[in-house]
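> In the numbering used here, the protein residues as written are 2 to 332.
Here a beta-carbon is modelled for each residue, glycine too, at the ideal position from N, C-alpha and C.
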Amino acid sequence: MGKYFARKSLIYGLTFFVAVTLNWVIPRLMPGDPVQRMLTRAAVSHPQSIEPMRDYYNNIFGFDLPVWQQYLNYWTEILQGNLGVSIWLFPTPVGEVIMRAVPYTLALMLPAILLSWIVGNKVGAMAARNKWLDNTALPVGYLLTATPYMWLAILLAWSLGVVGGFFPVAGGYSFGLRPSLSWAFVWDLLQHWFLPFLSLFLVALGGWAIGMRNLVIYELEADYANYLDALGAPAKLVRRYAFRNALLPQITGLALQLGVIIGGALVTEVVFAYPGIGNLILQAINNQDFFLLQGTLLFVVIGVLAANFVIDIVYVLVDPRTRTGLQGATA
Numbered sequence: 002m003g004k005y006f007a008r009k010s011l012i013y014g015l016t017f018f019v020a021v022t023l024n025w026v027i028p029r030l031m032p033g034d035p036v037q038r039m040l041t042r043a044a045v046s047h048p049q050s051i052e053p054m055r056d057y058y059n060n061i062f063g064f065d066l067p068v069w070q071q072y073l074n075y076w077t078e079i080l081q082g083n084l085g086v087s088i089w090l091f092p093t094p095v096g097e098v099i100m101r102a103v104p105y106t107l108a109l110m111l112p113a114i115l116l117s118w119i120v121g122n123k124v125g126a127m128a129a130r131n132k133w134l135d136n137t138a139l140p141v142g143y144l145l146t147a148t149p150y151m152w153l154a155i156l157l158a159w160s161l162g163v164v165g166g167f168f169p170v171a172g173g174y175s176f177g178l179r180p181s182l183s184w185a186f187v188w189d190l191l192q193h194w195f196l197p198f199l200s201l202f203l204v205a206l207g208g209w210a211i212g213m214r215n216l217v218i219y220e221l222e223a224d225y226a227n228y229l230d231a232l233g234a235p236a237k238l239v240r241r242y243a244f245r246n247a248l249l250p251q252i253t254g255l256a257l258q259l260g261v262i263i264g265g266a267l268v269t270e271v272v273f274a275y276p277g278i279g280n281l282i283l284q285a286i287n288n289q290d291f292f293l294l295q296g297t298l299l300f301v302v303i304g305v306l307a308a309n310f311v312i313d314i315v316y317v318l319v320d321p322r323t324r325t326g327l328q329g330a331t332a
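1) Can you give me the C-alpha to C-alpha distance between residue 200 and residue 26, rounded to a whole angstrom?
2) Taking the beta carbon of residue 301 as the centre, do at least 16 other beta carbons fall within 10 Å, making it buried, or is it exposed?
3) Taking only three categories from DSSP, how would you classify residue 170?
4) Using 10 angstroms around the beta-carbon of residue 18, count the other beta-carbons present and answer buried if the total reaches 16, otherwise exposed.
5) Below 7 Å CB to CB, which residues in the same chain sit around residue 330 once its five sequence neighbours on both sides are set aside?
6) With residue 220 as the anchor, note down where its alpha helix (DSSP H) starts and where it stops.
7) So the candidates are 305, 223, 217; which of them puts its Cα closest to the Cα of residue 250?
8) What does residue 94 pair with, by DSSP beta-bridge criteria?
9) Count Cβ pairs between the stretch 152-170 and the stretch 193-208 that sit closer than 8 Å; are there 3 or more?
10) Can residue 205 and residue 117 be called in contact, C-beta distance under 7 Å?
11) Might you give, ordered along the chain, the residues of its own chain that have their beta carbon closer than 6 Å to the beta carbon of residue 125, omitting 5 neighbours on each side?
12) Could you give the distance in angstroms between the alpha-carbon of residue 192 and the alpha-carbon of residue 171?
13) Closer than 6 Å by C-beta to residue 296: which residues in its own chain qualify, once you throw out the five before and the five after it? Chain order, please.
14) In or out: residue 11 buried (at least 16 other Cβ within 10 Å) or exposed?
15) Starting from residue 250, trace the alpha helix (DSSP H) both ways and give me its first and last residue.
16) Quick one: residues in its chain with C-beta nearer than 7 Å to the C-beta of residue 59, no 5 flanking neighbours on either side, listed in chain order?
17) Would you check if the distance between the CB atom of residue 13 and the CB atom of residue 306 is smaller than 7 Å?
18) Taking a contact to mean a Cβ-Cβ separation below 7 Å, would you say residue 196 touches residue 174 in this structure?
19) Between the beta-carbon of residue 110 and the beta-carbon of residue 266, is there less than 7 Å?
20) My guess is that residue 290 and residue 76 are in contact by the Cβ rule of under 8 Å, so how many angstroms apart are they, rounded?
21) Which residues mark the beginning and the end of the alpha helix (DSSP H) in which residue 6 is found?
22) Comparing alpha-carbon positions, which option in 234, 311, 264, 269 lies nearest residue 253?
23) With distance defined between alpha-carbon atoms, name the residue in 208, 38, 82 nearest to residue 1.
24) Going by the beta-carbon positions, is the gap between residue 293 and residue 87 smaller than 7 Å?
25) State buried or exposed for residue 269, treating a residue as buried only when at least 16 other CB atoms are found within 10 Å of its CB.
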C-alpha cells in the first residue's frame with residue numbers, strides 16, 4: 002500500500018509540475034500588452050506620463066526581468082502562497098479575488114457532481130432490468146449526455162428564464178440586495194443558483210445512468226450471477242451483488258470525467274454570468290490579467306488533481322481485489 006501511494010504521489014507531483022509550467026506559459030502567449038491596456042483604461046495619454054508609469058508597472062509585475070527569472074520567481078511565489086496582484090483589479094491581490102469566487106463555484110459543482118453521480122447510478126441500476134424504465138431512461142440519457150453544457154445552459158436560460166420568467170438568468174444574486182443571512186437573500190441566491198446547477202446536473206446525470214445500466218446488465222449476465230440464480234438465491238440479492246460490482250468502474254469513471262464536468266461548470270458560469278471561477282477566467286482573458294488567469298487555472302488544476310488523488314485512494318479502499326493485489330505485490 003505504501004509503495005502504491007508513493008507511486009501515485011510521484012505521478013501527481015509530476016503532473017502538477019507540468020500543469021503549473023503550462024499555466025505560466027499559456028497566458029504569455031496571448032497577444033497584446035497588459036500594461037498598455039492598464040494605461041489605456043486609466044486614460045493616460047500624456048507622453049511624459051506614459052513611459053514612467055509603464056516602467057513603474059513593469060517593475061511591479063516583474064515584466065522587466067528576463068523570462069527565466071520570471072519563471073523562477075513564479076515558482077517561488079507559489080510555494081510561498083503568493084499569487085501576485087491582479088492587473089485588472091489593481092492593486093487587489095489575486096488570492097483575494099479568487100476567494101470571492103470560490104464559494105460560488107463550489108456551491109455549484111459539488112452538489113451537481115455528487116447528486117448526478119448518485120441519482121444517475123440509481124436510475125441506471127433500476128433501468129437495467131425494468132423494461133418500461135429502460136425504454137424511457139435510455140433515450141433520455143443518451144440525449145442528455147450528448148448535449149453540450151453550454152447549449153443546455155442557453156436553452157434553460159431561454160425557456161425557464163427569458164420566456165417563462167421562473168428564474169433569473171444572470172448573476173449570483175439581485176443587484177438590489179446585500180449579502181446577508183436573511184431569508185430574502187438566501188432565497189434570491191438559490192433562485193440564481195438553480196439554473197446553472199440544473200444544467201450541470203442533467204448533462205452529467207445522463208452519462209452516469211447509461212453507464213450504470215450497461216454495467217449492471219453485464220454483471221447480471223456474469224457467471225457468478227447465473228450460479229446464484231441456479232442456487233435459488235433471491236433476485237434482490239443477485240442484483241445487490243451486481244450493483245456493488247458495477248459501482249467500482251463508476252468510481253473510476255468519476256475520476257476520468259471530473260475534468261470534463263469542471264470544464265462544463267466553468268462554461269456554464271460564463272453563460273449565466275455566475276460570479277464563480279469560470280466567469281473570473283473570462284474576465285482575466287478579456288483584460289489580459291496574467292496573474293489572475295494563472296491563479297484561477299492553478300486553483301482548477303489543484304482541485305482536479307486533489308479530487309482524482311482522493312478517488313484513487315477511495316477505489317483501493319473499497320475494492321478488496323485491488324487491496325489483495327497490492328498486498329501480494331509487496332509480499
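Checking against the coordinates, here is how it stands:
1) Position 199 of the sequence shown, counting from 1, holds the residue named residue 200. Position 25 of the sequence shown, counting from 1, holds the residue named residue 26. Looking at the two C-alpha atoms, the distance is approximately 32 Å.
2) Mapped onto the sequence shown, residue 301 falls at position 300. Its Cβ being crowded by 16 or more others within 10 Å, residue 301 is buried.
3) Position 169 of the sequence shown, counted from the start, is the residue given in the question as residue 170. Three-state DSSP puts residue 170 in coil, outside helix and strand.
4) To locate residue 18, count along the sequence shown from 1; it is residue 17. Exposed.
5) Position 329 of the sequence shown, counted from the first residue, corresponds to residue 330. Here the model assigns residue 330 a pLDDT of 48, short of 50, so the residue's position is not dependable and the matter cannot be decided.
6) Working through the sequence shown from its first residue, we reach residue 220 at position 219. For residue 220, the enclosing alpha helix (DSSP H) covers residues 184-221.
7) For the purposes of this step, residue 250 is taken as residue 249 along the sequence shown, with counting starting at 1. When only C-alpha atoms are compared, the closest one is 217.
8) In the sequence shown, counting from the first residue as 1, residue 94 sits at position 93. In the DSSP assignment, the residues bridged to residue 94 are 86.
9) With the cut-off at 8 Å, the stretch 152-170 and the stretch 193-208 touch.
10) One-based indexing of the sequence shown puts residue 205 at position 204. One-based indexing of the sequence shown puts residue 117 at position 116. Yes, Cβ-Cβ distance for residue 205 and residue 117 is below 7 Å.
11) For the purposes of this step, residue 125 is identified with residue 124 of the sequence shown, where counting begins at 1. Closer than 6 Å at Cβ, skipping near neighbours: 210, 213, 214.
12) Here the question's residue 192 lines up with position 191 in the sequence shown. Here the question's residue 171 lines up with position 170 in the sequence shown. Between residue 192 and residue 171, the alpha-carbon positions lie close to 10 Å from each other.
13) To locate residue 296, count along the sequence shown from 1; it is residue 295. Closer than 6 Å at the Cβ level, and outside the excluded window around residue 296, lie 84, 95, 99.
14) If you number the sequence shown from 1, residue 11 lands on position 10. Under this definition residue 11 is an exposed residue.
15) In the sequence shown, the residue the question calls residue 250 occupies position 249. Under the DSSP assignment, residue 250 falls in the alpha helix (DSSP H) whose first and last residues are 236-272.
16) Sequence index remark: in the sequence shown, residue 59 carries index 58 (1-based). Excluding sequence neighbours, residue 59 sits near 36, 65.
17) Residue mapping note: residue 13 aligns to position 12 of the sequence shown, counting from 1. Residue mapping note: residue 306 aligns to position 305 of the sequence shown, counting from 1. Taking 7 Å as the Cβ cut-off, residue 13 and residue 306 qualify as a contacting pair.
18) Locating residue 196 in the sequence shown gives position 195, counting from the first residue. Locating residue 174 in the sequence shown gives position 173, counting from the first residue. No, Cβ-Cβ distance for residue 196 and residue 174 is not below 7 Å.
19) Here residue 110 is taken as the residue at index 109 of the sequence shown, counted from 1. Here residue 266 is taken as the residue at index 265 of the sequence shown, counted from 1. Cβ atoms of residue 110 and residue 266: closer than 7 Å.
20) What you label residue 290 is simply residue 289 of the sequence shown in a count that begins at 1. What you label residue 76 is simply residue 75 of the sequence shown in a count that begins at 1. About 20 Å; that fails the 8 Å criterion.
21) Indexing the sequence shown from 1 puts residue 6 at position 5. Residue 6 -> alpha helix (DSSP H) spans 3-26.
22) Numbered from 1 along the sequence shown, position 252 holds the residue referred to as residue 253. It is 311 whose Cα lies nearest to the Cα of residue 253.
23) One cannot answer for residue 1 here, as it falls past the ends of the chain, which runs 2 to 332.
24) By 1-based counting over the sequence shown, the position of residue 293 is 292. By 1-based counting over the sequence shown, the position of residue 87 is 86. Yes. Within cutoff.
25) Reading the sequence shown from its first residue, position 268 is the one you call residue 269. That one is buried.
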